[in-house]
Every structure is written in C-alpha cells, then in structure tokens.
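Those letters in the sequence shown? Residues 2 to 123, per our numbering, in order.
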Amino acid sequence: TGLPMGGGKGGSDFDPKGKSEAEVRRFCQSFMTQLCRYIDASTDVPAGDIGVGGREIGFMYGQYKLLSNKHGEGVLTGKSLAFGGIHLRPEATGYGTVYMAKHAIEDKLKKSLDGTRCAISG
C-alpha cells in the first residue's frame, strides 16, 4: 500500500483495570496530545497493541482530530468503521499471517496447505 506502518514502538505503564471510562478517556487524550507531534499519514501510523482496543483508539483518534483539525486521515490503525477504519481490522494480522504462510509453503516448498496443521505463537 505504500503506507509507513510498523517499526516504531511506544507505550505507557497505565493500567486501565479498575479505572472509569472517563479516566481511560482522559489518559488516551493526554497520550495523543503528546504523540500527535510525531505522527501523520505520511510519517508514522501507530497501531494498538496488548490492552488497546477500539475504545482506546477511538479516544485517541478523537483527540487527534481535535488537535489537528483533520478527519479521515489514516493516522491510526484499529479505528471503528465510523472513523474510517476497515471491516476486518481485528482479523487483519491473522489473515496476513495465513497469506504469507500459504505463499511461502506453496511457492518455496511446493506443497499445499490442504490438511496442514500449524501452531503460531507470538
């Protein structure tokens, strides 16, 4: 696609367990207030990871829109459909893994995935 996705990592030690919706929202907004200086659709496109779902991405995207006055820009992956996300986002990594494994096995090993069992960790 040409999008600069992946590579950089970042995070926080915020634990949302036991926090109210408002506390999680305020944290996400504060996080994006700092992060927005370093991201955009042509520079870096962050994605959620462990413990970050559509709710948190939605809070961060809302803050990004507020600060940048941009809507619809591909600046975060994992957005809901209402904010320009894609239908199969939650499954995207799994489908990509199967796609790559299928082509590697069929093209390089000249074998078929039919009837093959596989375990993936990570």
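Note that the Cβ used here is the ideal one computed from N, Cα and C, for glycine as well. Computed from a prediction, not measured in an experiment: that's the story for all the values here.
Residue i, buried or exposed, once every other Cβ within 10 Å from all chains shown has been counted against 16
i	result
Leu114	exposed
Gly19	exposed
Met71	One detail in the question is off: residue 71 reads as Lys in this sequence, not Met. Exposed, by the Cβ-count rule.
Glu57	buried
Tyr100	exposed
Tyr65	buried
Beta-carbon spacing of residue i, residue j below 8 Å
i	j	result
Leu82	Cys37	no
Gly86	Gly79	yes
Asp41	Glu74	yes
Leu77	Tyr62	yes
Gly55	Pro17	no
Minimum Cβ-Cβ distance from residue i to chain B less than 8 Å
i	result
Gly63	In the displayed structure, chain B is absent; only one protein chain is listed.
According to DSSP, residues forming a beta bridge with residue i
i	result
Ala48	Thr78
DSSP-derived helix/strand/coil call for residue i
i	result
Asp41	strand
Ala120	coil
Asp16	coil
Lys111	coil
Ile87	coil
Ser21	coil
His72	coil
Gly95	helix
Gly55	helix
Gly63	helix
Same chain, Cβ closer than 7 Å to residue i, five either side skipped, listed in chain order
i	result
Phe28	Phe15
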